[in-house]
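**Q**
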Amino acid sequence: MDEPGAKYDLNLLRVFALVFETRSVTDAAEILTISQPSVSYALSKLRKVFTDPLFLRGPNGLEPTPMALGLYPELSQSLRALDSAVRGAATFDPAVSTHRFRLMMTDLGLMALFPYIIRAVLAAAPNVGIDVIPLDTAQLHDRLVRNEVDAAIGIPAIHEDDLLIEPLMDMPYVGICALEHPRLSASPSLQDLGAEKHIVASKALGHEHVLQRLREVGIGDSVTITLPSFAVVSQVLAVTDHVSVVPKALADIAESQGNIRQFTLPFSIKPGRVTLYTCRRTVPSRPVEWLRSTIAAGLAVYPYPNYVNGGVPEVSVYGPDDQEENSP
Numbered sequence: 110m111d112e113p114g115a116k117y118d119l120n121l122l123r124v125f126a127l128v129f130e131t132r133s134v135t136d137a138a139e140i141l142t143i144s145q146p147s148v149s150y151a152l153s154k155l156r157k158v159f160t161d162p163l164f165l166r167g168p169n170g171l172e173p174t175p176m177a178l179g180l181y182p183e184l185s186q187s188l189r190a191l192d193s194a195v196r197g198a199a200t201f202d203p204a205v206s207t208h209r210f211r212l213m214m215t216d217l218g219l220m221a222l223f224p225y226i227i228r229a230v231l232a233a234a235p236n237v238g239i240d241v242i243p244l245d246t247a248q249l250h251d252r253l254v255r256n257e258v259d260a261a262i263g264i265p266a267i268h269e270d271d272l273l274i275e276p277l278m279d280m281p282y283v284g285i286c287a288l289e290h291p292r293l294s295a296s297p298s299l300q301d302l303g304a305e306k307h308i309v310a311s312k313a314l315g316h317e318h319v320l321q322r323l324r325e326v327g328i329g330d331s332v333t334i335t336l337p338s339f340a341v342v343s344q345v346l347a348v349t350d351h352v353s354v355v356p357k358a359l360a361d362i363a364e365s366q367g368n369i370r371q372f373t374l375p376f377s378i379k380p381g382r383v384t385l386y387t388c389r390r391t392v393p394s395r396p397v398e399w400l401r402s403t404i405a406a407g408l409a410v411y412p413y414p415n416y417v418n419g420g421v422p423e424v425s426v427y428g429p430d431d432q433e434e435n436s437p
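The sequence shown: position 316 = 425 (my numbering), numbered continuously.
(1) As an exercise, report each continuous beta strand (DSSP E) stretch of at least 3 residues that is fully enclosed by the stretch 325 to 381, in chain order.
(2) Any chance the stretch 285 to 299 sits against the stretch 231 to 245, with 3 or more Cβ pairs inside 8 Å?
(3) Helix, strand or coil for residue 386, going by three-state DSSP, please let me know.
(4) Taking buried to mean at least 16 other C-beta atoms within 10 Å of its own C-beta, is residue 183 buried or exposed?
(5) Counting along the chain, where does the beta strand (DSSP E) carrying residue 209 start and finish?
(6) What residue range is occupied by the uninterrupted alpha helix (DSSP H) comprising residue 404?
(7) Can you name, in chain order, every residue of its own chain whose Cβ lies under 7 Å from the Cβ of residue 250, other than the five neighbours on each side?
(8) Quick one: using the 10 Å Cβ neighbour count with 16 as the cut-off for buried, is residue 166 buried or exposed?
(9) Use the C-beta contact count for residue 358: other C-beta atoms within 10 angstroms, 16 or more gives buried, fewer gives exposed.
(10) Rounded to whole angstroms, what's the CA-CA distance from residue 389 to residue 157? Just pull it up for me.
(11) Measuring only the C-alpha atoms, how far is residue 265 from residue 212?
(12) If I measure Cβ to Cβ from residue 87 and keep anything under 7 Å in the same chain, skipping five residues before and after, which residues do I get?
(13) Does residue 430 pass the burial test, meaning 16 or more other C-beta atoms within 10 Å, or should it be called exposed?
(14) Do residue 280 and residue 218 have their C-beta atoms closer together than 8 Å?
(15) Nearest by alpha-carbon distance to residue 333: which of 311, 315, 146 is it?
(16) Count the CB pairs spanning the stretch 313 to 324 and the stretch 396 to 407 that are closer than 8 Å, and state whether there are at least three.
(17) Hey, how far is the Cα of residue 170 from the Cα of residue 119?
(18) Check residue 258 in the structure and name its three-state DSSP category.
(19) Under the rule that 16 or more other beta-carbon atoms within 10 Å means buried, what is residue 228, buried or exposed?
(20) Measure from the alpha carbon of residue 190 to the alpha carbon of each residue in 179, 256, 383, 223, then state which is nearest.
(21) Residue 290 to residue 200, Cα distance in whole Å?
(22) What is the rounded straight-line gap between the Cα of residue 238 and the Cα of residue 355?
(23) Specify the secondary structure class of residue 411 as computed by DSSP and reduced to three states.
(24) Contact defined as beta carbons within less than 8 Å: I believe residue 127 pairs with residue 140. What is the distance between those atoms, to the nearest angstrom?
(25) According to DSSP, is residue 315 part of a helix, a strand, or is it coil?
(26) With DSSP collapsed to three states, give me the class of residue 391.
(27) Report yes if the C-beta distance between residue 172 and residue 164 is below 8 Å; otherwise report no.
(28) Using a 10 Å radius around the Cβ and a threshold of 16 neighbouring Cβ atoms, would you call residue 130 buried or exposed?
(29) Over what stretch of residues does the beta strand (DSSP E) that includes residue 283 continue unbroken?
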């Protein structure tokens, strides 16, 4: 069989499916509102692609060959799914839609960003549903490509040709510790911070560059606890003398609970770029495009530097101990 990828299009497959179902060139042409010679020409092209006659004349019309019998189930299912998707996209109206979206986020994204997202979504589409799935950076790409999720939001730096990548905001990092931590000041030195035990989040959440930066400044060996979730970091800090370098969003939430305080980091760390990911081939879907724009609009009012209103303001990533060495 020839390589078929560049030699057929959807119209050829539709002709094949209708001839298979009707067993007639005439009937297929009538349904497709094209001429009989056009159907015959399409079949001839498909026969060259698959190096098989596909249909043979029999007493009851055209009879499919074993090759055609094998092709039809999967091709017809794919065509039906495509037609359904196109019809759904063409008729998508957020005001009345009951579409159900699937969104991947970390627990921190849920705590900090999801309230802004769901408020914007429900304001325009009160009847849609959203299933939020825990984000794992190792699965993000494959689940988007397999159409298991519609979109993902996170900090991991993933660059794939089949993903559409839209930066949303830059998230600074700060230090946090127990409110009554016995040693750390509001602006500890690198030596003081290195003497403390540290907590980091699992790399599956996309913030592995934090641990990398701790190693670069010589305090990576101080990490003694790795947690699979941001949700419990503040609870662990509240009952220990440990410290943690976390996104500012988590620090603000933890500090508002009354038993955690923030401190300035004595070293530079690049802000995490919060990014919206979708699969490139699904972009023509009106529901997914609507979700993308609605997420961006909902996060436009988030209090950190964002891309939604035209560019990210300059964000300083330097702590007090390295401002001078990095200045001109």
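Where is the CB? At the ideal position from N, CA and C, for every residue including glycine.
**A** This is what the structure gives:
(1) 332 to 336, 352 to 356, 369 to 372
(2) Segments in contact, no.
(3) Start at 1 with the first residue of the sequence shown, and residue 386 comes out as number 277. DSSP places residue 386 in strand when its eight states are reduced to three.
(4) On the sequence shown, position 74 is the one that residue 183 refers to. Residue 183 is exposed by the Cβ-count criterion.
(5) Along the sequence shown, read from residue 1 onward, the residue named residue 209 stands at position 100. Its beta strand (DSSP E) spans residues 209 to 214.
(6) Taking the sequence shown and counting its residues from 1, the one referred to as residue 404 is at position 295. It spans 395 to 408 - the alpha helix (DSSP H) in which residue 404 sits, taken as one unbroken run.
(7) Counting from 1 along the sequence shown, the entry for residue 250 is found at position 141. So the list reads 267, 269, 272, once near-sequence residues are dropped.
(8) Taking the first residue of the sequence shown as position 1, residue 166 is located at position 57. Looking at its Cβ environment, which holds fewer than 16 other Cβ atoms inside 10 Å, residue 166 is exposed.
(9) Residue numbering aside, residue 358 sits at position 249 when the sequence shown is read from its first letter. With 16 or more other Cβ atoms within 10 Å, it is buried.
(10) Residue numbering aside, residue 389 sits at position 280 when the sequence shown is read from its first letter. Residue numbering aside, residue 157 sits at position 48 when the sequence shown is read from its first letter. Their backbone Cα atoms lie some 31 Å apart in a straight line.
(11) Start at 1 with the first residue of the sequence shown, and residue 265 comes out as number 156. Start at 1 with the first residue of the sequence shown, and residue 212 comes out as number 103. Those two C-alpha atoms are separated by around 15 Å.
(12) Past the boundaries of the shown model lies residue 87; the chain is included only from 110 to 437, so the question cannot be answered.
(13) Along the sequence shown, one-based indexing puts residue 430 at 321. Only weak support is given to the placement of residue 430: the predicted model assigns it a pLDDT of 42, under 50, and the value that follows is read from those uncertain coordinates. Classification of residue 430: buried, given that the 10 Å Cβ count is 16 or more.
(14) Walking along the sequence shown from the start, residue 280 turns up at place 171. Walking along the sequence shown from the start, residue 218 turns up at place 109. Cβ distance not < 8 Å, so residue 280 and residue 218 don't count as in contact.
(15) Mapped onto the sequence shown, residue 333 falls at position 224. Among 311, 315, 146, the Cα nearest to that of residue 333 is on 311.
(16) no
(17) Residue 170 sits at position 61 when you count from the first residue of the sequence shown. Residue 119 sits at position 10 when you count from the first residue of the sequence shown. Approximately 24 Å between the Cα atoms of the pair.
(18) Numbered from its first residue, the sequence shown carries residue 258 at position 149. Here residue 258 sits in coil by DSSP.
(19) Stepping through the sequence shown from its first residue, residue 228 is reached at position 119. Residue 228 should be labelled exposed.
(20) By 1-based counting over the sequence shown, the position of residue 190 is 81. When only C-alpha atoms are compared, the closest one is 256.
(21) Within the sequence shown, the letter at position 181 stands for residue 290. Within the sequence shown, the letter at position 91 stands for residue 200. The alpha-carbon atoms of residue 290 and residue 200 are separated by roughly 58 Å.
(22) Residue mapping note: residue 238 aligns to position 129 of the sequence shown, counting from 1. Residue mapping note: residue 355 aligns to position 246 of the sequence shown, counting from 1. Roughly 31 Å between the two C-alpha positions.
(23) On the sequence shown, residue 411 is found 302 positions in, with the first residue counted as 1. Correct three-state label for residue 411: coil.
(24) As a first step, residue 127 is located in the sequence shown; it is residue number 18 there, counting from the start. As a first step, residue 140 is located in the sequence shown; it is residue number 31 there, counting from the start. Confirmed, Cβ separation roughly 6 Å.
(25) Sequence index remark: in the sequence shown, residue 315 carries index 206 (1-based). Three-state DSSP puts residue 315 in coil, outside helix and strand.
(26) As a first step, residue 391 must be located in the sequence shown, where it is residue number 282. At residue 391 the pLDDT is 41, less than 50, meaning the model places this residue with poor confidence; the figure from the coordinates comes in the next sentence. Three-state result, residue 391: helix.
(27) Position 63 of the sequence shown, counted from the start, is the residue given in the question as residue 172. Position 55 of the sequence shown, counted from the start, is the residue given in the question as residue 164. Less than 8 Å separates the beta-carbon of residue 172 from that of residue 164.
(28) Here residue 130 refers to the residue found at position 21 when the sequence shown is read from its first residue. Answer is exposed; the Cβ neighbour count stays below 16.
(29) One-based indexing of the sequence shown puts residue 283 at position 174. That run of the beta strand (DSSP E) goes 282 to 287.
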